[in-house]
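What follows is a set of notes on a single structure, which appears directly below.
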Amino acid sequence: MKYTDKMLREGALKGKNIVVTGGGSGLGKSMTRYFLELGAKVAITSRNLEKLKNTAKELEDETGSTCLPLQCDVRHYDQVEEMKNQVIEAFGTVDVLLNNAAGNFISPTERLSANAFDTIIDIVLKGTKNCTLAFGKHWIDTQYKNTTVLNIVTTYAWTGSAYVVPSATAKAGVLAMTRSLAVEWAKYGMRFNAIAPGPFPTKGAWDRLVPGDLAEKLDFSKRVPLSRTGEHQELANLAAYLVSDFSAYVNGEVITIDGGEWIKGAGQFNLLEQVPEEMWDQLEAMIRAKKNK
Ligand code: HXC
Ligand code: NAP
């Protein structure tokens, strides 16, 4: 068995209707592909309808399942409501909302205009709020139960991170929303969980976060204890589990999938891995020599 193998049993998402925001590219597209393979119907939404149509056609051809492309800028509540109505018209019901759409770029915070900061907050935090509110109210009004909201955050949602401050601020808000609604709306039959991915190469993220030769200089794989970046199928496996009924008792959880990246930065003595093996005899002798002195 390989870690890139597909995890869930055939038909595990049969009967589920899923909305994936930002589903036309990157991780959203990879998760959508796997949901379709597992028998779900998926509506993919973003600003760029042409891109969505191409993705939907490609994935329908690959999987034989239904993928519906819908234009929707998550920053605008009226567009989100319209998208929700279109999905319901097409699918009848919606069982899963995957808030995956995001905007981000690296910048010293003092270089950001107020509008630049707002743009990221509006896509990530307000966009997640808009979709969650629209679908949540709909599920409550129609008493439709056994629904799931899965939010994609980042590990810096709790640690914070320099140079991506609007994104860190917004993702922290999404994490708080996830945990809050996991409790408040459980009575309406909704579950809320989040995934915090470490580095998973995508064009969208890499163009904006490690442009030019920064990718080589920063080399994400060196920051990760497991010495590699993530494979999209690994994330898709986790997402499929979290939106499936196999995870029916998982609620209010955020699952990190980062090869140990963030915790490596956190442990005070973790950088001792730079000490060469042969030096440990010397260090041990020095420490032992100090005993009782
Ligand atoms: C400073 C910038 C900037 C930059 C844009 N702005 N790029 N400021 N440095 N590099 C400013 C603009 O001048 C403008 O402010 C404001 O931001 C809005 O920019 P627009 O281009 O008008 O916005 P828009 O067309 O809506 O595009 C949004 C975007 C863009 C976020 C700027 O990058 C985008 O479409 N991103 C979507 C995809 C994405 O970001 N994917 C990566 C997700 S990765 P003014 O004041 O001039 O009007 C992720 C986590 C990764 O989230 C973690 C990895 C480990
Ligand atoms: P991506 O391909 O750029 O995905 C972002 C998606 O969001 C795009 O499809 C984009 O489509 C959509 N989007 C942006 N603004 C939007 C808006 N206003 N309304 C609707 N859709 C919008 O990047 P990705 O790496 O796959 O990121 C996917 C998710 O994973 C994000 O939540 C990101 O924060 C998270 N993440 C990624 C990594 C990583 O290493 N890749 C790590 C941690 C977290 P349009 O441009 O067509 O609108």
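Counting from 201, one number per residue, gives the positions in the sequence shown under my numbering. For glycine and all other residues, C-beta sits at the position ideal for the given N, C-alpha and C.
What's the gap between the Cα of residue i and the Cα of residue j?
i: LYS241; j: LYS216; result: 6 Å
i: LEU297; j: VAL353; result: 14 Å
i: THR355; j: PRO399; result: 10 Å
i: ARG428; j: SER265; result: 32 Å
i: ARG488; j: GLY389; result: 59 Å
i: ALA357; j: LYS253; result: 32 Å
i: TYR277; j: THR232; result: 23 Å
i: ASP419; j: TRP406; result: 11 Å
i: ALA370; j: LEU312; result: 15 Å
i: GLU262; j: ASP445; result: 25 Å
i: GLU453; j: SER380; result: 11 Å
i: ASN330; j: PRO397; result: 22 Å
i: LEU442; j: LYS490; result: 52 Å
i: GLY467; j: GLU473; result: 11 Å
i: GLY412; j: LYS422; result: 18 Å
i: PRO401; j: THR204; result: 15 Å
i: THR342; j: LEU259; result: 31 Å
i: ILE457; j: ASN492; result: 45 Å
i: ALA315; j: ARG209; result: In the sequence as presented, Ala is not what sits at residue 315; that position holds Asn. One C-alpha to the other measures close to 46 Å.
i: ARG275; j: LYS251; result: 19 Å
i: GLU281; j: GLU477; result: 60 Å
i: SER447; j: GLY223; result: 22 Å
i: SER323; j: THR245; result: The sequence shown places Ile at residue 323, rather than the Ser named in the question. Distance between the alpha carbons of ILE323 and THR245: 13 Å.
i: ALA415; j: ALA372; result: 25 Å
i: THR319; j: GLU310; result: 15 Å
i: ASN346; j: GLU237; result: 21 Å
i: LEU435; j: ASP481; result: 41 Å
Could you check which residue in the options has the C-alpha nearest to that of residue i?
i: GLN433; options: THR221, LYS229, LYS214, ALA212; result: LYS229
i: LEU325; options: ALA301, ARG408, LYS337, LYS214; result: ALA301
i: ARG291; options: PRO269, LYS371, ARG311; result: Here residue 291 is Phe; the residue named in the question, Arg, does not match the sequence. For the residues PRO269, LYS371, ARG311, the minimum Cα distance to PHE291 belongs to PRO269.
i: ALA368; options: SER444, ASN330, GLN271, ILE321; result: ILE321
i: VAL349; options: THR204, GLU237, LYS493, VAL450; result: VAL450
i: PHE392; options: LYS422, LEU333, ARG209; result: LEU333
i: LYS202; options: ASN492, GLU431, LYS464, LYS345; result: GLU431
i: ILE455; options: GLU237, ALA394, LYS284; result: ALA394
i: GLY239; options: ALA440, ASP481, GLY211; result: GLY211
i: PHE317; options: THR347, GLY336, PRO366; result: PRO366
i: PHE335; options: THR221, MET486, ASP481; result: THR221
Among the residues of its own chain, which have a CB less than 8 Å from the CB of residue i, if the five just before and after it don't count?
i: VAL475; result: LEU483
i: GLY404; result: SER225, GLY226
i: VAL287; result: ASN217, VAL219, ALA243, LEU268, LEU270, VAL294
i: LEU409; result: ASN304, PHE305, ILE306, VAL364
i: HIS338; result: LYS284, ILE288, VAL294, TYR344
i: LEU426; result: GLY459, GLY460
i: MET479; result: none
CB-CB under 6 Å to residue i, same chain, minus the five flanking residues each way: which ones, in chain order?
i: ASP273; result: ARG247, GLN279
i: PHE207; result: Note that residue 207 is Met in the sequence shown here, rather than Phe. Taken in chain order, the residues that qualify are ASN437.
i: VAL424; result: GLY459, GLU461
i: PHE235; result: LEU213, ILE218, VAL242
i: ASN470; result: LYS464
i: SER361; result: ALA368
i: ALA439; result: MET231
What does DSSP give as the partner residue(s) for residue i in the beta ladder?
i: ILE395; result: ILE352, ILE455
Can you give me the Cβ contacts of residue i inside the same chain, cut-off strictly under 7 Å, excluding the 5 residues immediately before and after it?
i: THR328; result: ASN299, ASN351, VAL374, MET377
i: TYR363; result: ILE306, SER307, PRO308
i: ILE340; result: TYR388
i: ALA386; result: ASN451
i: LEU249; result: PRO269, GLN271
Completely contained beta strand (DSSP E) runs for the segment 367–448, where each covers 3 or more residues:
DSSP runs (the beta strand (DSSP E)) wholly in the segment 367–448: 390–397.
Please list the segments of the alpha helix (DSSP H) lying wholly inside the segment 208–286, counting only runs of 4 or more residues, in order along the chain.
Qualifying alpha helix (DSSP H) stretches, in chain order: 226–237, 249–263.
Quick check on the DSSP output: what are the complete alpha helix (DSSP H) runs of length 4 or more inside the segment 294–357, in order along the chain?
Taken in chain order, the complete alpha helix (DSSP H) segments of 4 residues or longer contained in the segment 294–357 are 314–321, 327–342.
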